[in-house]
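Peer 1: In terms of this note's numbering, the sequence shown has 880 at position 125, counting the first letter as 1, and numbering is strictly consecutive.
Glycine is no exception: its CB is placed at the ideal position from the N, C-alpha and C atoms.
Next up is a structure, given as structure tokens.
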Amino acid sequence: MSRILDEKHNFLGVQNSTNWPETSGVVIIPVPYEQTASYGLGSGNGPAEILTASHHVELYDAELEFAPVEEADDIITLKPLSIDGYSGQSLAQYLDNEVAGWLKTGKSVITLGGEHTSVVGAIKAHIDYYNDITILQFDAHSDLRSSYQKDAWNHACTMARVLDFYNNIVQVGIRSQSKSEKEKASRLGLPIFYANAIHKQERKGWDWISEIIHALSEKVYITFDCDVMDPSIMPATGAPEPGGLTWSQLDRLFGRICQECQIIGFDVSELSPVKALNYPQYTVAKLIYRLIGYMHMKQVES
């Protein structure tokens, strides 16, 4: 029990008197790892800032008309994973083992990462446990470089490292990639739903959400880089790209995915907090809570 944060520090500030591991349905693991940032700094502070902001999120979701924390049988937050002395590769193995242990107990696991490579181990654990799943990547960048700045574990190589052991990947929100990344995705047949195409289809009234869902397996794991959102709502990230997705687009997409597929876990990374600017971390905290709500919507309806 010493690994669980108290209500002053955990997600939503929920009371520990009710959220013991034996009964809780959701486990949150903070991984404040930041080693390879190439532009904006601070993603290592992201997990803690998300947890702090979450204390101001209303437990009752007025749009969903229920309190997700209750339907999830409570949520526990672990103390941040110790990252001292770990490389990107060794951290991936460490986190893989940690997440795998919780999955075996029947929990849904949410990982709050620093830079995007910090969550590779969580992705690997879900692939090994569930087998036939789709890794649904929300990101402004393809992250398919084999190496960047002479480092195979640079944050720009995240999905290349996932491709080392799995290739059922769907990318959403991409609007920045190298020519070699585009050629690699085409060669591997990776479905990519570019942000500009989504905006264009929406203006024309096309059902772009159904196109994405059609590319997914029955079970889906989401890896969410905060820079997939437009900088107007998410300026606090290391490499903001104009033309990103909006809250409404993401919210509608999450809702449909949870209606037609099963989200078995997710991670969120690359929030780089900006001093005296609170709304980005609050937005991410609310997005996490909304997604937890959608994951439990079916049992509310039943």
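1. Between which residues of its own chain and H871 is the CB-CB distance below 7 angstroms, once the five residues before and five after are set aside?
2. Could you name the residues that DSSP lists as bridge partners for L867?
3. Restricting to Cα atoms, I'd like to know which of Q892, W908, S902 and K937 is closest to G928.
4. Please identify the residue among L943, N951, K955 and R1011 whose C-alpha is closest to the C-alpha of V975.
5. Determine the DSSP secondary structure at H896, reduced to helix, strand or coil.
6. What are the complete alpha helix (DSSP H) segments, minimum 4 residues, inside the segment 942 to 966?
7. Report buried or exposed for A877, applying the criterion of at least 16 other Cβ atoms within 10 angstroms of its Cβ.
8. Apply the 10 Å Cβ neighbour rule to H889 and answer buried if 16 or more other Cβ atoms are within range, or exposed otherwise.
9. Can you find the residues in the same chain that come closer than 6 angstroms, C-beta to C-beta, to V917, ignoring five residues on each side of it along the sequence?
10. Taking 8 angstroms as the threshold (C-beta atoms), are T992 and D1022 in contact?
11. How long is the line joining the alpha carbons of G797 and P1028, rounded to whole angstroms?
12. Taking the C-alpha atoms as reference points, what is the distance between N852 and A950?
13. Roughly how many angstroms lie between the CA atoms of S941 and H896, to the nearest whole one?
14. In three-state terms, what does DSSP make of K974?
15. Name the DSSP bridge partner or partners of M984?
16. Going by DSSP in three states, D851 sits in which element: helix, strand or coil?
17. With respect to the alpha helix (DSSP H) encompassing I805, which residues constitute its N-terminal and C-terminal limits?
18. Out of curiosity, what's the CA-to-CA distance linking P997 and D982?
19. Indicate the three-state DSSP secondary structure (helix, strand or coil) for E815 in the structure shown.
20. K862 to S779, Cα distance in whole Å?
Peer 2: From the atom records:
1. To locate residue 871, count along the sequence shown from 1; it is residue 116. Its chain contains D898, H910, T913, D980, S1024 and E1025 as the residues whose beta carbon lies nearer than 7 angstroms to that of H871, once the 5 sequence neighbours on both sides are disregarded; these appear in chain order.
2. Against the sequence shown, residue 867 aligns to sequence position 112. Under DSSP, L867 takes part in a beta bridge, and its partners are P785 and V1023.
3. The count along the sequence shown starts at 1 and reaches residue 928 at position 173. When the alpha-carbon of G928 is set against those of Q892, W908, S902 and K937, the nearest one is in Q892.
4. Stepping through the sequence shown from its first residue, residue 975 is reached at position 220. Closest in C-alpha terms to V975, from the list L943, N951, K955 and R1011, comes R1011.
5. Numbered from its first residue, the sequence shown carries residue 896 at position 141. Looking at H896 - three-state DSSP - the assignment turns out to be strand.
6. Taking only runs of at least 4 residues, the alpha helix (DSSP H) segments lying wholly in the segment 942 to 966 are 950 to 958.
7. The residue you call residue 877 lines up with position 122 of the sequence shown. Flag for A877 reads buried.
8. Within the sequence shown, numbered from 1, the residue matching residue 889 stands at position 134. In the sequence under discussion, the amino acid at residue 889 is Thr, which differs from the His named in the question. A residue is called buried when at least 16 other Cβ atoms come within 10 angstroms of its Cβ; T889 meets this threshold and is buried.
9. Along the sequence shown, read from residue 1 onward, the residue named residue 917 stands at position 162. I878, listed in sequence order.
10. On the sequence shown, position 267 is the one that residue 1022 refers to. On the sequence shown, position 237 is the one that residue 992 refers to. In this structure, T992 does not lie closer than 8 angstroms to D1022 by Cβ.
11. As a first step, residue 797 must be located in the sequence shown, where it is residue number 42. As a first step, residue 1028 must be located in the sequence shown, where it is residue number 273. Their Cα atoms are separated by approximately 6 angstroms.
12. As a first step, residue 852 must be located in the sequence shown, where it is residue number 97. As a first step, residue 950 must be located in the sequence shown, where it is residue number 195. Computed Cα separation, rounded: 34 angstroms.
13. Position 186 of the sequence shown holds residue 941. Position 141 of the sequence shown holds residue 896. Between the alpha carbons of S941 and H896 lies a distance of about 15 angstroms.
14. As a first step, residue 974 must be located in the sequence shown, where it is residue number 219. Of the three classes helix, strand and coil, the one that applies to K974 here is strand, per DSSP.
15. To locate residue 984, count along the sequence shown from 1; it is residue 229. According to DSSP, M984 shares a beta bridge with L1000.
16. The count along the sequence shown starts at 1 and reaches residue 851 at position 96. DSSP places D851 within a helical segment (H, G or I) once states are collapsed to three.
17. Taking the first residue of the sequence shown as position 1, residue 805 is located at position 50. From DSSP, the alpha helix (DSSP H) with I805 extends over G801 to S809.
18. Counting from one through the sequence shown, the residue named residue 997 turns up at place 242. Counting from one through the sequence shown, the residue named residue 982 turns up at place 227. The alpha-carbon atoms of P997 and D982 are separated by roughly 9 angstroms.
19. Position 60 of the sequence shown, counted from the start, is the residue given in the question as residue 815. A small correction: the amino acid at residue 815 is Tyr; Glu does not occupy that position in the sequence shown. DSSP places Y815 in coil when its eight states are reduced to three.
20. For this step, residue 862 is matched to residue 107 along the sequence shown. For this step, residue 779 is matched to residue 24 along the sequence shown. Whole-angstrom Cα-Cα distance: 8 angstroms.
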